[in-house]
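Q: 1 is the number of the first residue of the sequence shown in the numbering used here; add one for each residue after it.
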Amino acid sequence: MGKCLERFDGCNFKYREEDIMPQTITINRRNVLNSRPHGVPTNGNFALKEEAPPVPKAGQMQLRTRREELRQAGDPRR
């Protein structure tokens, strides 16, 4: 367990320092479903794919997701 860091927005949610992935403009990271979970999902059901980001074509733009979050069904914060 690393030290916990407070989120920048002042919320009391905390995450571990080792969970932070450095982001660069040259690496595109995606969480993909590696296998269908049977029961409660585990880390083995997911894979982190790293690849070069796609090059936008004429008339397109590229956006970067800065925050991704999964919440349990029925979470009142939705």
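Ideal placement from N, C-alpha and C gives every residue a C-beta, glycine not left out. Quick caveat, the model's predicted, so the values are computed rather than measured.
Look at the alpha carbon of residue 27 and the alpha carbon of residue 34, and state the distance between them as a whole number of angstroms.
A: Here residue 27 is taken as the residue at index 27 of the sequence shown, counted from 1. Here residue 34 is taken as the residue at index 34 of the sequence shown, counted from 1. Spanning the two alpha carbons is a distance of roughly 20 Å.
Q: Go through its chain and collect everything with a Cβ distance to residue 49's Cβ below 6 Å, but skip five positions before and after it.
A: Along the sequence shown, read from residue 1 onward, the residue named residue 49 stands at position 49. Only 30, 32 meet the Cβ criterion.
Q: Given this structure, state the Cα-to-Cα distance separating residue 43 from residue 64, to the nearest angstrom.
A: The count along the sequence shown starts at 1 and reaches residue 43 at position 43. The count along the sequence shown starts at 1 and reaches residue 64 at position 64. Roughly 24 Å between the two C-alpha positions.
Q: Which same chain residues, not among the five before or five after residue 39, have their C-beta less than 6 Å away from its C-beta?
A: As a first step, residue 39 is located in the sequence shown; it is residue number 39 there, counting from the start. Within the same chain, residue 39 has no close Cβ partners at all.
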